[in-house]
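Chains as they are written, first to last, in UniProt numbering: chain A, 1 to 297; chain B, 1 to 425. Built from N, CA and C at the ideal position, the CB exists for glycine as well. As structure tokens, the structure follows; a few thoughts come after it.
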Amino acid sequence: MTMRTAKGDGRIAFAYLAPALLVLVGLMGYPIYQLVLISLFDYGQEQVSGGAPLTFLGLGNYANLLSQDRFWAVLGQTIGFAAVCVLGTLVVGTALAVLATRVRTWARMTLFLAALGAWATPAVAGSTIWLFLFDANFGFVNEVLGTTGMSWTYDKWLAFGLVAAQVIWCSFPFVMVTLYAGIKAIPGEVLEAAALDGASTTRTATSVILPLLRPLLIVVTIQSIIWDFKVFTQIYIMTNGGGIAGRNLVLNVYAYQQAFAASEYGLGASIGVVMTALLLLVTLGYLRALRRSGEAL
Amino acid sequence: MRFAVAAVVGAVVLAGCAPVQSGSAPAGGDEQVGQLRVWLFDEVNRGPKEAVVKEAVTEFEQAHQGVTVDVQYIQVQTRAERFKAAFSDPQSAPDVAEFGNTDLAGYVAGGGFAELDLGTWDEAKDLLPAVLDTGKVDGKVYGVPWYVGVRALYYRTDVFQELNLQPPATLDEIAPLARRIRAAKPDLLGISAGGKYTYGAMPFVWANGGDIARKDGDKYVAAIDSTESKAGLRQYTELIADDICPPAQCAGNGGDASVEAFRAGKAAMVVGGDFNRKSVDASAAAGKYAVVPLPGKKAGEIAPAFAGGNLLGVLKGSERKTLATEFLRLLGGKEYQRKMFDAMGNLPTFGDVQAEVAEANPVLEPFIKTLDAGTRFVPVTPNWAKIDAQAVLPTLLQQVAAGGEDLDKAAKSAADEMNAAFASS
């Protein structure tokens, strides 16, 4: 292949990608540009409706945000919460995907139907149903456990645990379905060859199945990280806007409460920018780590 | 193709180097015909309110040829978004709107409401001055009080009789009294006190001589961490404890949830409003309760209540100023306030109308007494909406009542947050 055709290929490829790029710039680029722009201004309701002049703050909103102890506490909480959710989602999803490949058809169907039901439930409805189940006085769970009157959403860690369980409940099906498809797509010959070579089940799982699933695992992990870092609905509904004295706040709810509900759009935008940057960093770091370990293998 | 993309990107970057502004609302017009748009708040039981409003609309349409009135009921929970959108886009805004008096300062600063001229309105002179103050910003009237809401102490007469108790005579007596009731009847909350119930807690602060903030020049300065304020906060947060109102049950409650516990027959006392009376009459506590003014620091005193209530205002961008003002005077006037009282139990804001309904309804006495004893209000500044949205006061109450935090520290950090909000813009 000469350089010339490679260049021509590149141009054609670009031409094919251009429409998608235009859509991306329009739908993603412009909002992000506005977000960054707004985060540099003192932009409240008065400014939006033209009642007050715009003031350029530069990095003022960021300085204000980063100097708040509360922000750092909430950030830490968000990272911890997201980590637990991602880990839980992956463990439950993978375990059930493996289980699904091992059981009879009817059991698998039941499992899939149940999982898809959880997946299809809107977050608002799911959170509310969980709240009903765990209601202090009339909840089914308290009735079964004989702990009527116990509040599941009062204690900080118990409340976080309950919300994390709900988040895992509605996000594991994605992981399960994806990985199930991945496992099913592994050619039988490969597994057979491993068996003929005398590989144990554990050995087959770690040396054959896992490496083959790597691309899928990357996708579901990144997806889960982004998803769980941005949790809003579950916290907002289940802990009634962030728990007692805001001790169950996560970054998204905090941004809403501190900035948008209070009409401080500039400050809110800066929280959004910080979140976007953090997520990009996490994703990039994760991709790099994976690529490194891939090279080592 | 590359140039095209570059051009588009360049155009987008150049398009705006500043966020969008809608430009200030035009002064509006003064058309005499067409459709007058009105926003009122939706209610749990809207029927009676709607009937009275319909009557007013019919009367107005008959008196004005070629004018129709379109009334929309908006949700209280989403009012902030609705009003913000209306201020940003006068085309979709109403001409007349009902709104909460604590939102007033923020709305006026947002350029939303027009100043009202009460001089040419006969009935205006009978508006209670303290209540009219809740419709003013910097001495100018932007809203006519449509009704006023004050809170007093509800208590269960059957429980008090059985245990041979008297209603508390001072704020100090409430905690021991509530503790005694819960000790005797462990199923009952001594008093249903919510960790998010700001307007239930503030009378304790005001009665002790404290305040949310005080005015210093033309700025507000937080006063919630003063010695007096802290005495009141201590008195209130003491109520959210296992032997009165367990934090696990009460710390997350706002006003509605606090009253709900009383309605369910699960509380011996609660701070409730005159607007809660009808719903309590339709509950497990019906016929077994009485109301007294919330006592003050000393016997015989009444703790200053928060002067809640809703206003009617004309939007700045309205195309039909005169019609809007006339409709406001009709709906907010004496006749229809009286009708609204009959329909919804809303306390009128005209001195004479109020005296009249009070005489006919002795159950209103504790509320009228509370009003007469003097009411208080939140700081009249657009920044109050910010403090409210950031839940500064509920957080303070909850931190102390449920978070085990030191009152001095929590009050100090609440004051710092408030001062930061007061200082902004």
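Item to check | Opening and closing residue of the alpha helix (DSSP H) in which A/Y236 lies | outcome: Against the first sequence, residue 236 of chain A aligns to sequence position 236. From DSSP, the alpha helix (DSSP H) with A/Y236 extends over 233-238.
Item to check | Contact check, B/E370 vs B/A305, beta carbons under 7 Å | outcome: Position 370 of the second sequence holds residue 370 of chain B. Position 305 of the second sequence holds residue 305 of chain B. Note on identity: in this sequence residue 370 of chain B is Thr, with Glu being the wrong assignment. In this structure, B/A305 lies closer than 7 Å to B/T370 by Cβ.
Checklist entry - Sorted by chain position, which residues of the same chain lie with C-beta nearer than 8 Å to A/T221's C-beta, five sequence neighbours on each side aside? => result Residue numbering aside, residue 221 of chain A sits at position 221 when the first sequence is read from its first letter. Cβ neighbours of A/T221 beyond the five flanking positions: V86, L90, Y286.
Next on the checklist: Please identify, using Cβ separations under 7 Å, the residues of the segment 399-422 of chain B that lie next to chain A, in order along the chain.
Outcome noted: Q399, A402, G403
Checklist entry - Is the shortest distance between the beta-carbon of A/L37 and the beta-carbons of chain B less than 7 Å? => result Looking up residue 37 of chain A in the first sequence gives position 37. Judged by the 7 Å Cβ criterion, A/L37 is in contact with chain B.
Checklist entry - Which residue's Cα is closest to the Cα of A/I79: A/F134, A/I226, A/Y265? => result Start at 1 with the first residue of the first sequence, and residue 79 of chain A comes out as number 79. Per the Cα distances, A/I226.
Item to check | A/T233 beta carbon less than 7 Å from that of A/A123 | outcome: The sequence position of residue 123 of chain A within the first sequence is 123, counting from 1. The sequence position of residue 233 of chain A within the first sequence is 233, counting from 1. Between A/A123 and A/T233, the C-beta spacing is below 7 Å.
Checklist entry - Does the ligand FMN have even one heavy atom less than 6 Å from the beta-carbon of B/L331? => result The ligand content of the structure shown is nil, which means the ligand FMN is not present either.
Next on the checklist: If I follow the unbroken beta strand (DSSP E) through A/W119, where does it start and stop?
Outcome noted: Here residue 119 of chain A refers to the residue found at position 119 when the first sequence is read from its first residue. Counting along the chain, A/W119 falls outside any beta strand (DSSP E), though it belongs to the alpha helix (DSSP H) covering 105-120.
Item to check | At least 3 beta-carbon pairs within less than 8 Å: the segment 248-265 of chain B vs the segment 196-216 of chain B | outcome: yes
Checklist entry - I think B/Y147 touches B/N310, with their Cβ atoms under 8 Å apart; what is that distance to the nearest whole Å? => result Your numbering for residue 147 of chain B matches position 147 in the second sequence. Your numbering for residue 310 of chain B matches position 310 in the second sequence. About 6 Å separates the two Cβ atoms, so the contact holds.
Checklist entry - Does the separation of the CB atoms of B/A214 and B/A223 fall below 7 Å? => result Working through the second sequence from its first residue, we reach residue 214 of chain B at position 214. Working through the second sequence from its first residue, we reach residue 223 of chain B at position 223. Going by the sequence as given, residue 214 of chain B is Arg instead of Ala. Cβ atoms of B/R214 and B/A223: closer than 7 Å.
Checklist entry - Which residues share a DSSP beta bridge with B/D30? => result The count along the second sequence starts at 1 and reaches residue 30 of chain B at position 30. Bridge partners of B/D30: B/R320.
Item to check | Partner residues on chain B for A/S151, Cβ-Cβ distance less than 8 Å | outcome: Counted from its first residue, the first sequence places residue 151 of chain A at position 151. Residues of chain B passing the Cβ test: A248, Q249.
Item to check | Top-ranked residue by Cα proximity to B/G273, from B/P247, B/A152, B/G111 | outcome: Counting from one through the second sequence, the residue named residue 273 of chain B turns up at place 273. It is B/A152.
Next on the checklist: Taking the straight line between their C-alpha atoms, what separation do you get for A/Y43 and A/Q68?
Outcome noted: One-based indexing of the first sequence puts residue 43 of chain A at position 43. One-based indexing of the first sequence puts residue 68 of chain A at position 68. Approximately 19 Å, taken between the alpha carbons.
Checklist entry - To which residues does DSSP link residue 502 of chain B through a beta bridge? => result Residue 502 of chain B lies beyond the stretch modelled for chain B, which goes from 1 to 425, so this question has no answer here.
Checklist entry - Taking the runs of the alpha helix (DSSP H) that are 4 residues or longer, which of them lie wholly in the segment 199-238 of chain A? => result Complete alpha helix (DSSP H) runs here, min 4: 201-204, 210-229, 233-238.
Checklist entry - Can you find a C-beta in chain B that's less than 7 Å from the C-beta of A/E46? => result Taking the first residue of the first sequence as 1, we reach residue 46 of chain A at position 46. By this cut-off, A/E46 is an interface position.
Checklist entry - Looking only at C-alpha atoms, which of A/N137, A/F56, A/L191, A/L54 sits nearest to B/K266? => result To locate residue 266 of chain B, count along the second sequence from 1; it is residue 266. It is A/N137.
Checklist entry - Under a three-way DSSP split, which group does A/I183 fall into? => result Here residue 183 of chain A refers to the residue found at position 183 of the first sequence. In this structure, A/I183 counts as helix in the three-state DSSP scheme.
Next on the checklist: Once DSSP output is grouped into helix, strand and coil, what is the label at B/R37?
Outcome noted: To locate residue 37 of chain B, count along the second sequence from 1; it is residue 37. Residue state, collapsed to three classes: strand.
Next on the checklist: Here's a check: name, in chain order, each residue in its chain whose Cβ is nearer than 8 Å to the Cβ of B/D187, leaving out the five neighbours to either side.
Outcome noted: Here residue 187 of chain B refers to the residue found at position 187 of the second sequence. Excluding residues within five positions, the ones whose Cβ falls inside 8 Å are K266.
Item to check | Identified DSSP bridge partners for B/A152 | outcome: On the second sequence, residue 152 of chain B is found 152 positions in, with the first residue counted as 1. DSSP links B/A152 through a beta bridge to B/G272.
Item to check | With 16 other Cβ atoms within 10 Å as the buried cut-off, status of A/T110 | outcome: Numbered from its first residue, the first sequence carries residue 110 of chain A at position 110. Burial call: exposed.
Checklist entry - Using a Cβ-Cβ cut-off of 7 Å (strictly less than) and excluding sequence neighbours within five positions of B/I191, which residues of its own chain qualify? => result Here residue 191 of chain B refers to the residue found at position 191 of the second sequence. Same-chain partners within the cutoff: I174, A178, L239, I244, C245, A267, A268, M269, V270.
Next on the checklist: Buried or exposed, going by whether 16 or more other CB atoms sit within 10 Å of the CB of B/K339?
Outcome noted: Reading the second sequence from its first residue, position 339 is the one you call residue 339 of chain B. Result: buried.
Checklist entry - Skipping 5 residues on each side, what residues in its chain have a beta carbon closer than 7 Å to that of A/F41? => result Within the first sequence, residue 41 of chain A is the residue found at index 41, counting from 1. Cβ neighbours of A/F41 beyond the five flanking positions: L54, T55, F56, L57, G266.
Next on the checklist: Tell me which residues of the segment 230-258 of chain A have at least one Cβ-Cβ distance to chain B shorter than 9 Å, keeping chain order.
Outcome noted: T239, N240, G241, G242, G243, I244, A245, G246, R247, Q257, Q258
Next on the checklist: Could you give the first and the last residue of the continuous alpha helix (DSSP H) run that contains residue 428 of chain B?
Outcome noted: For chain B, the structure presents residues 1 to 425; residue 428 of chain B sits outside this window and is missing.
Item to check | Members of the segment 83-110 of chain B that neighbour chain A once the beta carbon cut-off is set at 7 Å | outcome: K84, F87, S88, A109, G110
Checklist entry - Which runs of the beta strand (DSSP E), 3 residues or longer, sit entirely within the segment 218-250 of chain B? => result Qualifying beta strand (DSSP E) stretches, in chain order: 219-222.
Item to check | Endpoints, alpha helix (DSSP H) assigned at A/T128 | outcome: Against the first sequence, residue 128 of chain A aligns to sequence position 128. Run containing A/T128: 123-133, per the alpha helix (DSSP H) assignment.
Next on the checklist: Between which two residues does the beta strand (DSSP E) holding B/V378 run?
Outcome noted: Walking along the second sequence from the start, residue 378 of chain B turns up at place 378. Counting along the chain, B/V378 falls outside any beta strand (DSSP E), and DSSP gives it neither H nor E.
Checklist entry - So what does DSSP say about B/G309, is it helix, strand or coil? => result As a first step, residue 309 of chain B must be located in the second sequence, where it is residue number 309. Strand, per DSSP.
Checklist entry - Quick one: Cα of B/F262 to Cα of B/A193, how far? => result On the second sequence, position 262 is the one that residue 262 of chain B refers to. On the second sequence, position 193 is the one that residue 193 of chain B refers to. Cα to Cα, B/F262 sits roughly 10 Å from B/A193.
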